[in-house]
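This report concerns only the one structure given below.
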């Protein structure tokens, strides 16, 4: 997977976004504000996971670690390598951190531990929500059918945003 320019910054502003976002994760946990982790499923709705205090840690400037119950659907999704979006509230901003997961072998505890590699980090623009890519219309579908798929995806995304608000 190719990393976003936000991860390997070419300017001080993108470097600031990454460090500010990681500091927001630390601050959110210290102030007991939830960090929302969304895993984009290929064959169904996104899976939403809110790590409890201590289950999500910042390791360094590009890595996080999360502990998840090993038999959970969230662990199964992370094992499949699905993309992750962390939504981190840090008034007055909301940080969007994208990452990929790698399960750690032989974790010392009963929990499944995953290293999350940050692929991008940015502050959300006011009035916007982090959406997955809309459904793409294939060459085999009718024109009207593709429009209904995009509308359905849009409706699901709006419901997700309302649910997270």
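Numbering (this note's numbering), first residue to last: 463 to 627. Ideal Cβ placement from N, Cα and C applies to all residues, glycine included.
- Between residue 482 and residue 509, the C-beta spacing is not below 8 Å.
- Cβ contact annotation for residue 488 (same chain, cutoff 7 Å, sequence separation greater than five): 520, in chain order.
- In this structure, the straight-line span from the alpha carbon of residue 518 to that of residue 528 is close to 4 Å.
- The C-alpha of residue 532 lies about 14 Å from the C-alpha of residue 511.
- Rounded to the nearest whole angstrom, the C-alpha separation of residue 544 and residue 550 is 19 Å.
- In the DSSP assignment, residue 581 falls within the unbroken beta strand (DSSP E) covering 574-585.
- Its Cα nearest to that of residue 547, the residue 499 stands out among 480, 494 and 499.
- Taken in chain order, the unbroken stretches of beta strand (DSSP E) that lie wholly in the region 478-562 and span 3 residues or more are 498-501, 509-511, 518-520, 525-530 and 546-552.
- Straight through space, the alpha carbons of residue 565 and residue 572 are spaced by roughly 13 Å.
- Residue 522 has its alpha-carbon roughly 14 Å from the corresponding atom of residue 559.
- For residue 565, the pairing in a beta bridge is given by DSSP as 576.
- Contact check for residue 585 and residue 539: beta-carbon distance about 26 Å, past the 8 Å limit, so the pair fails to qualify.
- The alpha-carbon separation between residue 486 and residue 552 amounts to approximately 6 Å.
- A residue is called buried when at least 16 other Cβ atoms come within 10 angstroms of its Cβ; residue 507 does not meet this threshold and is exposed.
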